[in-house]
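**Student:** Can you read through this structure? Questions will come right after.
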Amino acid sequence: MVEVAGLRVVLPPAVVAVDGVDLVVRRGEFVIVLGPSGAGKTSLLRALNRLVEPAAGTVRIAGHAVTGAAPAALRAVRRQVGMIFQQFNLVRRLSVLDNVLAGRLGYVATLASVAGRFPERDRALARDCLAQVGLAHLASRRADTLSGGEQQRVAIARALAQAPSVILADEPTASLDPALTDTIMGTLRRINVERRLTLVVSQHQLATALAYATRIVGLRHGRVVFDGPPDAATPAVVERIYGGPTR
Amino acid sequence: MTRAATFVVLTALAWAAWDTGADPVRLLRGVPWLLDFVRRMLPPDPSVLPAALRGALTTAEIALLGTAAAAVLALPLGFVSARNVAAPPLFHPARIALNFLRSVDTLVYALVFVAAVGLGPFPGVLAVVAYTTTSLAKLYSEAIEGIERGPVDAIVATGATRLQVLRFGVLPQVLPLFLSYVLYRLETNIRAATVLGFVGAGGIGFYLQTYLRLIDYPAASTVLLVTVAMVTVVDAVSSRLRARLI
Numbered sequence: 493m494v495e496v497a498g499l500r501v502v503l504p505p506a507v508v509a510v511d512g513v514d515l516v517v518r519r520g521e522f523v524i525v526l527g528p529s530g531a532g533k534t535s536l537l538r539a540l541n542r543l544v545e546p547a548a549g550t551v552r553i554a555g556h557a558v559t560g561a562a563p564a565a566l567r568a569v570r571r572q573v574g575m576i577f578q579q580f581n582l583v584r585r586l587s588v589l590d591n592v593l594a595g596r597l598g599y600v601a602t603l604a605s606v607a608g609r610f611p612e613r614d615r616a617l618a619r620d621c622l623a624q625v626g627l628a629h630l631a632s633r634r635a636d637t638l639s640g641g642e643q644q645r646v647a648i649a650r651a652l653a654q655a656p657s658v659i660l661a662d663e664p665t666a667s668l669d670p671a672l673t674d675t676i677m678g679t680l681r682r683i684n685v686e687r688r689l690t691l692v693v694s695q696h697q698l699a700t701a702l703a704y705a706t707r708i709v710g711l712r713h714g715r716v717v718f719d720g721p722p723d724a725a726t727p728a729v730v731e732r733i734y735g736g737p738t739r
Numbered sequence: 017m018t019r020a021a022t023f024v025v026l027t028a029l030a031w032a033a034w035d036t037g038a039d040p041v042r043l044l045r046g047v048p049w050l051l052d053f054v055r056r057m058l059p060p061d062p063s064v065l066p067a068a069l070r071g072a073l074t075t076a077e078i079a080l081l082g083t084a085a086a087a088v089l090a091l092p093l094g095f096v097s098a099r100n101v102a103a104p105p106l107f108h109p110a111r112i113a114l115n116f117l118r119s120v121d122t123l124v125y126a127l128v129f130v131a132a133v134g135l136g137p138f139p140g141v142l143a144v145v146a147y148t149t150t151s152l153a154k155l156y157s158e159a160i161e162g163i164e165r166g167p168v169d170a171i172v173a174t175g176a177t178r179l180q181v182l183r184f185g186v187l188p189q190v191l192p193l194f195l196s197y198v199l200y201r202l203e204t205n206i207r208a209a210t211v212l213g214f215v216g217a218g219g220i221g222f223y224l225q226t227y228l229r230l231i232d233y234p235a236a237s238t239v240l241l242v243t244v245a246m247v248t249v250v251d252a253v254s255s256r257l258r259a260r261l262i
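Just so you know, the sequences run in chain order U and L.
Okay, so the first sequence: first residue is 493 according to our numbering, each after it adds one.
Okay, so the second sequence: first residue is 17 according to our numbering, each after it adds one.
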């Protein structure tokens with residue numbers, strides 16, 4: 493589903509954030525990219541849909557080239573890749589429903605959508621996605637009036653509205669109260685199981701990775717230092733990822 | 017460093033004072049004439065009130081129409097001169113053009129447009145549009161440059177087109193600021209439009225200038241009072257609206 497080869501990301505001025513990553517994610521996997529902060533997790537995820545332009549390497553998603561794709565082709569790939577961010581990244585002043593509807597932008601006509609007109613089936617889909625994260629009752633609220641946990645669930649609904657084949661989630665629980673970690677990760681697992689959706693989630697917390705991943709990819713200094721199921725993540729492996737005793 | 021700067025500033029100020037003939041004594045000697053001027057303006061002549069009100073209405077119309085047109089015209093200009101959304105080949109010429117055009121004041125534009133389309137309020141409207149478009153475009157572009165990157169990334173990630181990204185990622189963030197700038201410009205344009213009549217571009221300034229030339233000070237003071245009242249009312253309403261926007 494996701495094929496990465498020789499991926500290298502260099503951030504300005506000259507920081508090598510991702511240093512030659514090869515990775516193949518199969519359909520239905522729940523991959524957690526695990527590593528300490530600064531390991532290159534965010535850069536890796538953002539390079540997968542080219543929110544950052546890789547310096548080298550190739551990315552293919554659902555059989556379509558991401559790297560090297562022309563603008564229209566890139567948009568076509570992006571719309572089937574949902575993305576969830578650490579800071580939720582909702583558009584604060586828009587309603588909750590409009591934020592979820594934004595997930596349909598890749599599918600609807602540009603001019604009609606810019607005028608605020610969305611086909612009824614897209615609206616119905618957006619409402620349905622909102623109901624799936626349990627927030628149907630907040631549809632008309634302004635996004636910035638919601639709590640952090642609610643905002644992240646809206647962001648998940650927005651990703652679902654894209655009818656994606658892959659969801660990328662960059663540290664989705666890092667800005668939330670630890671008590672909410674299970675709510676968000678549990679929602680992601682439900683999506684993974686019920687929809688057979690492929691998930692690539694970055695995490696810096698070992699316990700969370702062990703509890704939810706079907707596969708863990710350990711990242712350190714921009715390189716893959718471990719790739720295997722959670723029960724293969726021995727203390728020695730953990731030390732290789734974090735470079736010291738675990739927390 | 018600071019001492020050198022202080023010295024340079026003080027020297028410049030002293031030179032400017034000498035060059036402009038700034039002289040406190042001369043001002044003091046003028047005080048009786050000022051008082052005489054004020055005394056002769058009193059009481060205001062109520063018979064010119066209808067004319068003054070009509071002039072005020074025209075001035076308000078010039079400011080309102082000019083600001084509204086400029087608010088729309090400045091939109092595309094604001095986007096192409098924002099560093100974070102415009103392509104560099106568009107951005108640089110747009111910035112240079114804006115800075116160049118913005119250095120010309122409304123009153124100067126009025127002189128040009130009176131020469132082009134003749135006397136009356138219409139060249140006044142055109143002058144307000146010309147100046148306000150460039151100044152709003154500059155303010156718009158700065159608002160756009162100050163947006164949060166995150167929501168924009170999120171919209172880009174959905175596969176949205178450039179226009180959709182602007183509409184859903186950028187516009188909601190900047191719209192309240194834009195409206196607030198437009199209202200602020202409306203306030204300053206009401207003030208600017210009160211003198212457009214001096215150069216034949218319509219409005220209440222025409223009456224003020226006429227009565228001053230006729231040495232009809234009571235009539236001029238009526239016009240002045242109407243001007244002050246109008247500007248005060250517009251300022252109060254507009255700043256209350258702006259406070260609610262932010």
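Where is the CB? At the ideal position from N, CA and C, for every residue including glycine.
As the structure is a computational prediction, the values presented were derived from the model and not from experiment.
To which residues of the same chain is U:Arg739 closer than 6 Å at the C-beta, ignoring the five residues directly before and after it?
**Tutor:** Since pLDDT at U:Arg739 reaches only 42, below the 50 mark, its modelled position is unreliable, and no value is offered.
**Student:** Is U:Val502 helix, strand or coil by DSSP?
**Tutor:** strand
**Student:** Within a Cβ cutoff of 7 Å, which residues of the same chain sit near L:Gln209, ignoring the five residues on either side of it in sequence?
**Tutor:** Here the sequence assigns Ala to residue 209 of chain L, which means Gln is not the residue at that position. Closer than 7 Å at the Cβ level, and outside the excluded window around L:Ala209, lie Thr75, Ile78, Ala79, Gly140, Val144 and Gly219.
**Student:** Which residues does DSSP pair with U:Met575 in a beta bridge?
**Tutor:** U:Leu660, per the DSSP bridge assignment.
**Student:** Expressed to the nearest angstrom, what Euclidean distance is found between the alpha-carbon atoms of U:Ala629 and U:Ala666?
**Tutor:** Sequence inspection shows His at residue 629 of chain U; the Ala mentioned does not correspond to that position. Taking the straight line joining both Cα atoms gives about 26 Å.
**Student:** Using a 10 Å radius around the Cβ and a threshold of 16 neighbouring Cβ atoms, would you call U:Glu686 buried or exposed?
**Tutor:** exposed
**Student:** Considering only residues of the stretch 623-688 of chain U, which uninterrupted alpha helix (DSSP H) runs meet the minimum length of 4 residues and lie entirely inside it, listed in chain order?
**Tutor:** Secondary structure remark: continuous alpha helix (DSSP H) runs of at least 4 residues inside the stretch 623-688 of chain U, in chain order: 640-653 and 673-687.
**Student:** Can you give me the Cβ contacts of U:Val525 inside the same chain, cut-off strictly under 6 Å, excluding the 5 residues immediately before and after it?
**Tutor:** Closer than 6 Å at Cβ, skipping near neighbours: Lys533, Ser694, Val709 and Leu711.
**Student:** I need the straight-line Cα distance from L:Glu164 to L:Gly185, nearest angstrom please.
**Tutor:** 9 Å
**Student:** Taking three-plus beta-carbon pairs below 8 Å as touching, is the stretch 565-578 of chain U in contact with the stretch 170-177 of chain L?
**Tutor:** yes
**Student:** Can you look up U:Pro727 in the DSSP assignment and give me helix, strand or coil?
**Tutor:** helix
**Student:** In terms of alpha-carbon separation, which member of U:Arg688, U:Ala705, U:Pro656 and U:Gln654 lies closest to U:Asp674?
**Tutor:** U:Ala705
**Student:** Check whether the Cβ atoms of U:Asp514 and U:Ala539 sit closer than 9 Å, and answer yes or no.
**Tutor:** No, the pair does not count as a contact, with Cβ atoms beyond the cut-off.
**Student:** L:Phe184 touches chain A at which residues, Cβ-Cβ below 7 Å?
**Tutor:** Note that chain A does not occur in the displayed structure, where the protein chains are U and L.
**Student:** Using CA coordinates, which residue listed in U:Glu521, U:Leu668, U:Gly512 and U:Ala547 is at the minimum distance from U:Pro504?
**Tutor:** It is U:Ala547.
**Student:** Between L:Leu152 and L:Thr83, what straight-line distance do the alpha-carbon atoms span, to the nearest angstrom?
**Tutor:** So the alpha carbons of these two residues sit roughly 9 Å apart.
**Student:** Measuring only between beta-carbons, confirm whether L:Val276 sits less than 9 Å from chain U.
**Tutor:** One cannot answer for residue 276 of chain L here, as it falls past the ends of chain L, which runs 17 to 262.
**Student:** Would you check if there are 3 or more beta carbon pairs closer than 8 Å linking the stretch 124-139 of chain L to the stretch 63-71 of chain L?
**Tutor:** no
**Student:** Can you tell me where the alpha helix (DSSP H) holding L:Leu230 begins and where it ends?
**Tutor:** No alpha helix (DSSP H) contains L:Leu230, which DSSP labels as neither H nor E.
**Student:** Cα-Cα, which of U:Pro664, U:Glu612, U:Ala604 and U:Leu593 is closest to U:Ala635?
**Tutor:** U:Leu593
**Student:** Quick check: the Cα distance between U:Val544 and U:Val501, rounded to an integer number of angstroms?
**Tutor:** Inter-residue distance for U:Val544 and U:Val501 is about 8 Å (C-alpha atoms, whole angstroms).
**Student:** When the Cα atoms are used, what is the spatial distance from L:Met57 to L:Ala245?
**Tutor:** 17 Å
**Student:** Which residue or residues does DSSP assign as beta-bridge partners of U:Asp511?
**Tutor:** U:Arg500, per the DSSP bridge assignment.
**Student:** With a Cβ-Cβ cutoff of 9 Å, do U:Val558 and U:Asn541 count as a contact?
**Tutor:** yes
**Student:** In angstroms with no decimal places, state the Cα-to-Cα distance between U:Ile683 and U:Asp620.
**Tutor:** 14 Å
**Student:** Quick check on DSSP: helix, strand or coil for U:Asp590?
**Tutor:** helix
**Student:** Residues of chain L with CB closer than 7 Å to the CB of U:Ser605, please, in chain order.
**Tutor:** Gln180
**Student:** When you compare the stretch 34-49 of chain L with the stretch 191-204 of chain L, are there three or more beta-carbon pairs, one atom per stretch, that lie closer than 8 Å?
**Tutor:** no
**Student:** Which residues in the same chain have their Cβ closer than 7 Å to the Cβ of U:Phe610, if we skip the five residues on either side of it in sequence?
**Tutor:** Leu593, Arg596 and Val600
**Student:** In chain order, what residues of the same chain lie with their CB nearer than 6 Å to the CB of L:Ser237, ignoring the 5 residues before and after it?
**Tutor:** Met57 and Pro60
**Student:** Show which residues of chain L have a CB atom less than 8 Å away from the CB atom of U:Thr550.
**Tutor:** Those do not exist, as U:Thr550 stays about 19 Å from chain L at its closest Cβ, beyond 8 Å.
**Student:** How would you label L:Ala32, buried or exposed, when you count the other beta carbons within 10 angstroms and need 16 or more for buried?
**Tutor:** exposed
**Student:** Within 10 angstroms of its Cβ, does U:Pro737 collect 16 or more other Cβ (buried), or is it exposed?
**Tutor:** With a pLDDT of only 49 at U:Pro737, under the threshold of 50, the placement of this residue in the model should not be trusted, and no figure is reported.
**Student:** Got a sec, what are the start and stop residues for the alpha helix (DSSP H) L:Val198 sits in?
**Tutor:** For L:Val198, the enclosing alpha helix (DSSP H) stretches over residues Leu187 to Ala209.
**Student:** Only counting the same chain, and skipping five residues up and downstream in sequence, which positions put a Cβ closer than 7 Å to that of U:Ala561?
**Tutor:** Val569
**Student:** What does U:Glu495 pair with, by DSSP beta-bridge criteria?
**Tutor:** DSSP, once it has assigned bridges, lists U:Val516 and U:Arg552 as partnering U:Glu495.
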